[in-house]
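Trainee: I have a structure here, written as structure tokens, and I will follow up with some questions on it.
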Amino acid sequence: MRVKICGLKDPAGLEAAARAGADYVGLVFFPPSPRAVTPAEAAALSAALPGGPQRVGLFVDADDALLEAVTGALALDVLQLHGAESPARCAAVRRRFGLPVMKALGIATPADLDALAAYAEAVDLFLLDAKAPPGAPLPGGNAAPFDWTLTAGRRLPRPWLLAGGLTPGNVAQAIAASGAPGVDVSSGVERARGVKDPALIAAFISAARAA
Ligand SMILES: O=C(O)c1ccccc1N[C@@H]1O[C@H](COP(=O)(O)O)[C@@H](O)[C@H]1O
Numbered sequence: 001m002r003v004k005i006c007g008l009k010d011p012a013g014l015e016a017a018a019r020a021g022a023d024y025v026g027l028v029f030f031p032p033s034p035r036a037v038t039p040a041e042a043a044a045l046s047a048a049l050p051g052g053p054q055r056v057g058l059f060v061d062a063d064d065a066l067l068e069a070v071t072g073a074l075a076l077d078v079l080q081l082h083g084a085e086s087p088a089r090c091a092a093v094r095r096r097f098g099l100p101v102m103k104a105l106g107i108a109t110p111a112d113l114d115a116l117a118a119y120a121e122a123v124d125l126f127l128l129d130a131k132a133p134p135g136a137p138l139p140g141g142n143a144a145p146f147d148w149t150l151t152a153g154r155r156l157p158r159p160w161l162l163a164g165g166l167t168p169g170n171v172a173q174a175i176a177a178s179g180a181p182g183v184d185v186s187s188g189v190e191r192a193r194g195v196k197d198p199a200l201i202a203a204f205i206s207a208a209r210a211a
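Dropping the structure here:
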């Protein structure tokens, strides 16, 4: 079971995730998000946490200038593309930056899962999230779940993480219903929007590992 804690922006949250054994920590480079960090802030956070989880940079339809600024400021392990990036754009980013790409896709129907095939050769991992609710200011990080049974019994073309509305209280049920080999959370481990809670992070990782 792979576990990613996303939207970390303070040392306490990052340390809690590392101490509890997170596989990935996500740093958000999308300024409208309450979880956004600058490249300099991310570099300082990352430097304070030697070793440990893989660093994932989350981008939404980012241009190469932003990707260059971030990858020049700190060593990322994975690029999470959470916008409307096409398969060709994912492939170009992977080639140019030489890093694994995790493509986030919004899921609401079985047909949305069929769409993964077009990305299979262009990406290394998928992150399956709910589609953003109407009027939501962000394309993800909205605490919105999708129907977890949609993925049950489906063979997907790449390893994947389940996201969207997960919490310490529902992650075990989500894993059982979806068959997910990994999970990703942001809102569900926050005490206020954009403010991570170390105790919830530890509880989430423990519940996911026990599932
Ligand atoms: O978290 C954000 O601010 C964010 C902004 C823009 C795109 C994606 C974002 N977060 C990702 O969405 C999933 C699901 O979030 P939640 O747990 O439902 O709040 C999260 O894990 C991030 O990968």
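With the UniProt record's numbering, you'll find the sequence shown wraps up at 211, consecutive numbering, no jumps. From the three backbone atoms N, C-alpha and C, an ideal C-beta is built for every residue, glycine too.
Between A40 and A117, what straight-line distance do the alpha-carbon atoms span, to the nearest angstrom?
Mentor: Your numbering for residue 40 matches position 40 in the sequence shown. Your numbering for residue 117 matches position 117 in the sequence shown. Straight-line Cα distance between these residues: approximately 36 Å.
Trainee: Using the C-alpha atoms, what's the distance from A208 back to A174?
Mentor: Your numbering for residue 174 matches position 174 in the sequence shown. Your numbering for residue 208 matches position 208 in the sequence shown. Spanning the two alpha carbons is a distance of roughly 9 Å.
Trainee: Mind checking V56: buried by the 16 CB within 10 Å criterion, or exposed?
Mentor: Reading the sequence shown from its first residue, position 56 is the one you call residue 56. Its Cβ being crowded by 16 or more others within 10 Å, V56 is buried.
Trainee: Measure the CB-CB distance between L14 and L45 and report whether it falls below 8 Å.
Mentor: As a working note, residue 14 is residue 14 in the sequence shown. As a working note, residue 45 is residue 45 in the sequence shown. Against a cut-off of 8 Å, the Cβ pair of L45 and L14 comes out as a contact.
Trainee: Quick check: is any heavy atom of ligand 1 less than 7 Å from the C-beta of V78?
Mentor: Taking the first residue of the sequence shown as position 1, residue 78 is located at position 78. Not so, every heavy atom of ligand 1 lies at least 7 Å from the Cβ.
Trainee: Check this for me: beta carbons of P181 and P159, under 8 Å apart or not?
Mentor: Along the sequence shown, one-based indexing puts residue 181 at 181. Along the sequence shown, one-based indexing puts residue 159 at 159. Yes, Cβ-Cβ distance for P181 and P159 is below 8 Å.
Trainee: Please determine whether the Cβ atom of A210 lies at a distance below 7 Å from any heavy atom of ligand 1.
Mentor: Within the sequence shown, numbered from 1, the residue matching residue 210 stands at position 210. No, ligand 1 has no heavy atom inside 7 Å of this Cβ.
Trainee: Looking only at C-alpha atoms, which of T109, A108, A104, A143 sits nearest to D124?
Mentor: Reading the sequence shown from its first residue, position 124 is the one you call residue 124. Out of T109, A108, A104, A143, A104 has the C-alpha closest to the C-alpha of D124.
Trainee: Does any heavy atom of ligand 1 sit closer than 7 Å to the C-beta of S187?
Mentor: Position 187 of the sequence shown, counted from the start, is the residue given in the question as residue 187. It does: the Cβ of S187 is within 7 Å (strictly closer) of some heavy atom of ligand 1.
Trainee: Report the rounded CA-to-CA distance for C6 versus S186, giving the unit in angstroms.
Mentor: Taking the first residue of the sequence shown as 1, we reach residue 6 at position 6. Taking the first residue of the sequence shown as 1, we reach residue 186 at position 186. Looking at the two C-alpha atoms, the distance is approximately 5 Å.
Trainee: For the putative contact between T151 and L128, defined by C-beta atoms under 8 Å, what is the C-beta separation to the nearest angstrom?
Mentor: Here the question's residue 151 lines up with position 151 in the sequence shown. Here the question's residue 128 lines up with position 128 in the sequence shown. The Cβ separation is near 7 Å, so the contact holds.
Trainee: Among P168, P157, P53, which residue has its Cα nearest to the Cα of A203?
Mentor: Reading the sequence shown from its first residue, position 203 is the one you call residue 203. When each option's Cα is compared against that of A203, the closest is P168.
Trainee: Return the Cβ separation of Q54 and D10 in integer angstroms, given the expectation that the two are a contact with Cβ distance under 8 Å.
Mentor: Locating residue 54 in the sequence shown gives position 54, where the first residue counts as 1. Locating residue 10 in the sequence shown gives position 10, where the first residue counts as 1. So it is not a contact: roughly 19 Å between Cβ atoms.
Trainee: Please state whether DSSP places P192 in a helix, a strand or coil.
Mentor: The count along the sequence shown starts at 1 and reaches residue 192 at position 192. According to the sequence shown, residue 192 is Ala rather than Pro. In this structure, A192 counts as strand in the three-state DSSP scheme.
Trainee: Are the beta-carbon atoms of L76 and L49 separated by less than 8 Å?
Mentor: One-based indexing of the sequence shown puts residue 76 at position 76. One-based indexing of the sequence shown puts residue 49 at position 49. Their beta carbons are not under 8 Å apart, which means L76 does not touch L49 by this criterion.
Trainee: On the DSSP bridge assignment, give the partners of D129 in chain order.
Mentor: Reading the sequence shown from its first residue, position 129 is the one you call residue 129. BP columns for D129 point to G106.
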